[in-house]
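S.K.: Counting in my numbering, the sequence shown runs from 4 upward without gaps. We put the beta carbon where it would ideally sit given N, CA and C, even for glycine. Please find one structure pasted underneath; my questions will follow.
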Amino acid sequence: MSEEIFTGLDVGTHAVRVAVGKLVPSADGGEQIHMIGAVEVASAGVSKGTITNLEDAVSSISRALEQAERITGLPLSKAWVGINGNHIISQESRGVIGVGRSDGEIRDDDVERAIEAARTVATPTNYEIIHVIPKSFTVDGQRGIKDPVGMNGIRLEVDAIIIQGLGSQIKNLTKSVYRTGLDIEDLVFSILATSEAVVSDRQKELGVCVVNIGASTTNMVVYEEGDALHTSVLPIGSDHITSDIAIGLRTSIDVAEQVKLHHATALPSEVAKKEEIHLGELGAPEDEVVGRRFVADITEARVQEIFEHVDRELQKIDRSGMLPAGVVLTGGGSKLAGMLEAAKTTLRLPVSLGTPIGITSVIDRANDPSMSTAIGLVLWGYHIRGSSNGNKFGDLFGKLGDMDKISSGLKKLFKSIKP
Ligand SMILES: Nc1ncnc2c1ncn2[C@@H]1O[C@H](COP(=O)(O)OP(=O)(O)OP(=O)(O)O)[C@@H](O)[C@H]1O
Ligand SMILES: [Mg+2]
Numbered sequence: 004m005s006e007e008i009f010t011g012l013d014v015g016t017h018a019v020r021v022a023v024g025k026l027v028p029s030a031d032g033g034e035q036i037h038m039i040g041a042v043e044v045a046s047a048g049v050s051k052g053t054i055t056n057l058e059d060a061v062s063s064i065s066r067a068l069e070q071a072e073r074i075t076g077l078p079l080s081k082a083w084v085g086i087n088g089n090h091i092i093s094q095e096s097r098g099v100i101g102v103g104r105s106d107g108e109i110r111d112d113d114v115e116r117a118i119e120a121a122r123t124v125a126t127p128t129n130y131e132i133i134h135v136i137p138k139s140f141t142v143d144g145q146r147g148i149k150d151p152v153g154m155n156g157i158r159l160e161v162d163a164i165i166i167q168g169l170g171s172q173i174k175n176l177t178k179s180v181y182r183t184g185l186d187i188e189d190l191v192f193s194i195l196a197t198s199e200a201v202v203s204d205r206q207k208e209l210g211v212c213v214v215n216i217g218a219s220t221t222n223m224v225v226y227e228e229g230d231a232l233h234t235s236v237l238p239i240g241s242d243h244i245t246s247d248i249a250i251g252l253r254t255s256i257d258v259a260e261q262v263k264l265h266h267a268t269a270l271p272s273e274v275a276k277k278e279e280i281h282l283g284e285l286g287a288p289e290d291e292v293v294g295r296r297f298v299a300d301i302t303e304a305r306v307q308e309i310f311e312h313v314d315r316e317l318q319k320i321d322r323s324g325m326l327p328a329g330v331v332l333t334g335g336g337s338k339l340a341g342m343l344e345a346a347k348t349t350l351r352l353p354v355s356l357g358t359p360i361g362i363t364s365v366i367d368r369a370n371d372p373s374m375s376t377a378i379g380l381v382l383w384g385y386h387i388r389g390s391s392n393g394n395k396f397g398d399l400f401g402k403l404g405d406m407d408k409i410s411s412g413l414k415k416l417f418k419s420i421k422p
């Protein structure tokens, strides 16, 4: 039997990351993903989560792939690719169909037709559908059905979330990946992949919010009863903290970034008034001395703004302060000192740091919150494969309630771009 390998590619504003997982037997006689590679290279040509310079993006993706191939000793020919950015929107939709069989028994193809019907929402011009996520079904007016296959009825309805992105942005991303010679298994909305890595099925069942604080965006998704309930891409990330520090200290972005990484905290109350930061030690041309408390005040203000945004999204779905499994923070921005405490205060919820679960690894980097999207893409690929091997809808609505099928529209788009 040939080895089964899953590759995840996360093209971020700050870094391009590649994670490679191998399917291995698990202790309980089943199978599980063992991470055999996790690499990160600085990205170029990516801004606010989207490609702004094709050549630069291609070369940073190529470098990341080469490193991953060297580390794993494997040729990597295809990957699950994350897509992110302010252009991504999510919309509720409903698909309604008449059940096909004359005896009224609902079958897989009825469910497929209902999902297909949900796709035909009014898509804004130039947008492409990335995912159709079925949330629940209604059979002859009876709502809240998770898996209608085998039930009887005349009218089948599905409530779904439609995730769409700007066609041009999708094309730029797929083009840059194809130019490196890599094939795309599918594009996956980043935060959905991230969640595969950092929250358990049980947390998704209870009600949990995953927040990925990246460089220029903060992504979030709320799960309840196992399904994605709400997603959002907020236009503020950790780089905004850096630029606030640069402005506040009248220093360069590079120095401000060093200040943030080594001295910033979201909790000013924990900083003694007399603590000082010497900018000269952090690359500034002159050795200016600034108060650490001042930096903490600047940081706290922006961090609070991020979590107030998150709370506003929770209010939209009536879950503000009301998620039994709380909030899981991940992404590079979540590594800032005091972040968890700040989130707890603003969101009035239990908050924890999300690092990949459900995998084995000997690589230190696999536990870094910055890697969670790339690793999540590996797990997404593994789960999709599981669901296509077995009973398609059984898996789709069981373990992977939020998982959609590979979007056929995107497949067509890929074909038209492929060299
Ligand atoms: N230890 C740390 N403390 C504070 N901030 C950190 C730390 N490590 C990384 N960051 C910040 O996290 C951000 C990068 O996060 P991440 O790597 O998740 O972003 P990205 O995926 O490249 O970007 P995006 O998802 O927005 O496209 C940067 O702003 C960086 O300064
Ligand atoms: Mg990211």
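(1) Would you say the region 265-274 touches the region 299-313, given that touching needs at least three Cβ pairs under 8 Å?
(2) Which residue marks the beginning of the beta strand (DSSP E) containing Ala328, and which one marks its end?
(3) Taking 6 Å as the cut-off, is the CB of Asp321 close to at least one heavy atom of ligand 1?
(4) Ligand 1 and Ser219: does the residue's C-beta get closer than 6 Å to at least one heavy atom of that ligand?
(5) Do you know offhand how far Gly335's Cα is from Gln307's?
(6) Please state whether DSSP places Lys81 in a helix, a strand or coil.
(7) From this set, Glu131, Ile133, Ile132 and Val152, which residue's C-alpha is nearest Thr141's C-alpha?
(8) Could you tell me which residues DSSP puts in a beta bridge with Ala340?
(9) Along the alpha helix (DSSP H) that carries Arg205, what are the first and last residues, could you check?
(10) Taking the beta strand (DSSP E) that Ala18 falls in, what are its first and last residues?
(11) Name the residue from Glu108, Gln167, Lys178 and Gly156 whose alpha carbon lies nearest to the alpha carbon of His134.
(12) Among the candidates Asp31, Ser219, Val14 and Leu79, whose CA atom is the shortest distance from the CA of Glu6?
(13) Give the DSSP-derived three-state secondary structure of Glu237 in the structure shown.
(14) So which of Leu176, Ala125, Lys178 and Arg116 has the shortest CA-CA distance to Arg158?
(15) What did DSSP end up calling Lys395 once you bin it into helix, strand or coil?
(16) Near Ile148, which residues of its chain fall below 8 Å by C-beta distance, leaving aside the five closest residues on each side in sequence?
(17) Does the region 67-84 come within contact of the region 96-103, defined as at least 3 CB pairs closer than 8 Å?
(18) Excluding the five sequence neighbours on either side, which residues of its own chain have a C-beta within less than 8 Å of the C-beta of Gly33, listed in chain order?
(19) Going by DSSP in three states, Gly401 sits in which element: helix, strand or coil?
(20) By Cβ distance below 7 Å, which residues in the same chain neighbour Glu208 in space, the five residues on each side in sequence not counted?
(21) Helix, strand or coil for Ile362? Go by DSSP, reduced to three states.
(22) With hydrogens ignored, establish whether the beta-carbon of Ser241 is closer than 6 Å to any heavy atom of ligand 1.
(23) Would the beta-carbon of Gly85 be found less than 6 Å away from any heavy atom of ligand 1?
(24) If you compare alpha carbons, which of Val274, Arg296 and Asp257 is closest to Gly286?
(25) Roughly how many whole angstroms lie between the Cα atoms of Ser1 and Asn87?
(26) Name the two residues that bound the continuous alpha helix (DSSP H) containing Asp189.
(27) Only counting the same chain, and skipping five residues up and downstream in sequence, which positions put a Cβ closer than 6 Å to that of Asn175?
(28) Hey, out of Ser337, Arg66 and Arg351, whose CA is closest to Ala431's CA?
(29) Answer with buried or exposed for Met374, where buried requires no fewer than 16 other C-beta atoms within 10 angstroms of its C-beta.
(30) For Glu108, which beta-bridge partners are listed by DSSP?
(31) Does Lys276 come out as helix, strand or coil in the three-state DSSP assignment?
(32) In whole angstroms, what is the alpha-carbon distance linking Val298 and Val191?
(33) Between Arg296 and Ile280, is the Cβ-Cβ spacing less than 7 Å?
(34) If Ile165 sits next to Val124, beta carbons under 8 Å apart, how far is it from one beta carbon to the other, in whole angstroms?
(35) By alpha-carbon positions, which one of Asp31, Ile39 and Asp186 ends up nearest to Gly24?
(36) At the level of alpha carbons, what is the spacing between Glu289 and Val84?
M.R.: Concretely, from the data shown:
(1) yes
(2) Counted from its first residue, the sequence shown places residue 328 at position 325. From DSSP, Ala328 is part of no beta strand (DSSP E); its letter is neither H nor E.
(3) Position 318 of the sequence shown, counting from 1, holds the residue named residue 321. Not so, every heavy atom of ligand 1 lies at least 6 Å from the Cβ.
(4) By one-based count along the sequence shown, residue 219 stands at place 216. Indeed, a heavy atom of ligand 1 lies less than 6 Å from the Cβ.
(5) Here residue 335 is taken as the residue at index 332 of the sequence shown, counted from 1. Here residue 307 is taken as the residue at index 304 of the sequence shown, counted from 1. Near 17 Å, if we compare the C-alpha coordinates of Gln307 and Gly335.
(6) Counting from one through the sequence shown, the residue named residue 81 turns up at place 78. Strand at Lys81.
(7) As a first step, residue 141 is located in the sequence shown; it is residue number 138 there, counting from the start. Among Glu131, Ile133, Ile132 and Val152, the Cα nearest to that of Thr141 belongs to Val152.
(8) Translated into positions along the sequence shown, residue 340 becomes position 337. The partner list for Ala340 (beta bridge, DSSP) reads Thr268.
(9) One-based indexing of the sequence shown puts residue 205 at position 202. Segment Asp204 to Leu209, the alpha helix (DSSP H) holding Arg205.
(10) What you label residue 18 is simply residue 15 of the sequence shown in a count that begins at 1. Start and end: Ala18 to Pro28.
(11) Taking the sequence shown and counting its residues from 1, one reaches residue 134 at position 131. Considering only alpha carbons, the answer is Gln167.
(12) As a working note, residue 6 is residue 3 in the sequence shown. The option with the nearest alpha carbon to Glu6 is Leu79.
(13) As a working mapping, residue 237 is identified with position 234 in the sequence shown. The amino acid occupying residue 237 in the given sequence is Leu; Glu does not appear at that position. For Leu237, the secondary structure class from DSSP, reduced to helix, strand or coil, is strand.
(14) The sequence position of residue 158 within the sequence shown is 155, counting from 1. Comparing Cα-Cα distances from Arg158 to each of Leu176, Ala125, Lys178 and Arg116, the minimum goes to Arg116.
(15) For the purposes of this step, residue 395 is identified with residue 392 of the sequence shown, where counting begins at 1. Low local confidence applies: a pLDDT of 33 at Lys395 is under 50, so the model's placement there is unreliable, and no value is given.
(16) Position 145 of the sequence shown, counted from the start, is the residue given in the question as residue 148. Correct list, in chain order: Ser139, Phe140, Thr141, Val142 and Met154.
(17) no
(18) Counting from 1 along the sequence shown, the entry for residue 33 is found at position 30. Same-chain partners within the cutoff: there are none.
(19) Reading the sequence shown from its first residue, position 398 is the one you call residue 401. Residue placement at Gly401 is poorly supported in this model, since its pLDDT is 31, which falls under 50; the coordinates are not used for a value here.
(20) Within the sequence shown, residue 208 is the residue found at index 205, counting from 1. Within the same chain, Glu208 has close Cβ partners Glu228 and Gly229.
(21) Sequence index remark: in the sequence shown, residue 362 carries index 359 (1-based). DSSP places Ile362 in strand when its eight states are reduced to three.
(22) Locating residue 241 in the sequence shown gives position 238, where the first residue counts as 1. Checking every heavy atom of ligand 1 against the Cβ of Ser241, one is found closer than 6 Å.
(23) For the purposes of this step, residue 85 is identified with residue 82 of the sequence shown, where counting begins at 1. Checking the Cβ of Gly85 against ligand 1 gives no.
(24) Your numbering for residue 286 matches position 283 in the sequence shown. Closest by alpha carbon: Asp257.
(25) Nothing can be reported for residue 1: it is not among the residues displayed for the chain, which extend from 4 to 422.
(26) Working through the sequence shown from its first residue, we reach residue 189 at position 186. First-last for Asp189: Asp186 to Phe192, but that is the beta strand (DSSP E), not the alpha helix (DSSP H).
(27) Stepping through the sequence shown from its first residue, residue 175 is reached at position 172. Here the set comprises Ile54.
(28) This structure does not reach residue 431, given that the chain is present from 4 up to 422, and the question cannot be answered.
(29) Within the sequence shown, the letter at position 371 stands for residue 374. Buried, by the Cβ-count rule.
(30) Locating residue 108 in the sequence shown gives position 105, where the first residue counts as 1. According to DSSP, which records beta bridges pairwise, Glu108 is partnered with Asn155.
(31) Looking up residue 276 in the sequence shown gives position 273. It is coil, neither helix nor strand.
(32) Along the sequence shown, read from residue 1 onward, the residue named residue 298 stands at position 295. Along the sequence shown, read from residue 1 onward, the residue named residue 191 stands at position 188. Each residue's Cα considered, the two are about 37 Å apart.
(33) Along the sequence shown, read from residue 1 onward, the residue named residue 296 stands at position 293. Along the sequence shown, read from residue 1 onward, the residue named residue 280 stands at position 277. No.
(34) Numbered from its first residue, the sequence shown carries residue 165 at position 162. Numbered from its first residue, the sequence shown carries residue 124 at position 121. About 6 Å separates the Cβ atoms of Ile165 and Val124, confirming a contact at the 8 Å cut-off.
(35) What you label residue 24 is simply residue 21 of the sequence shown in a count that begins at 1. Answer by Cα proximity: Ile39.
(36) Taking the sequence shown and counting its residues from 1, the one referred to as residue 289 is at position 286. Taking the sequence shown and counting its residues from 1, the one referred to as residue 84 is at position 81. Their backbone Cα atoms lie some 43 Å apart in a straight line.
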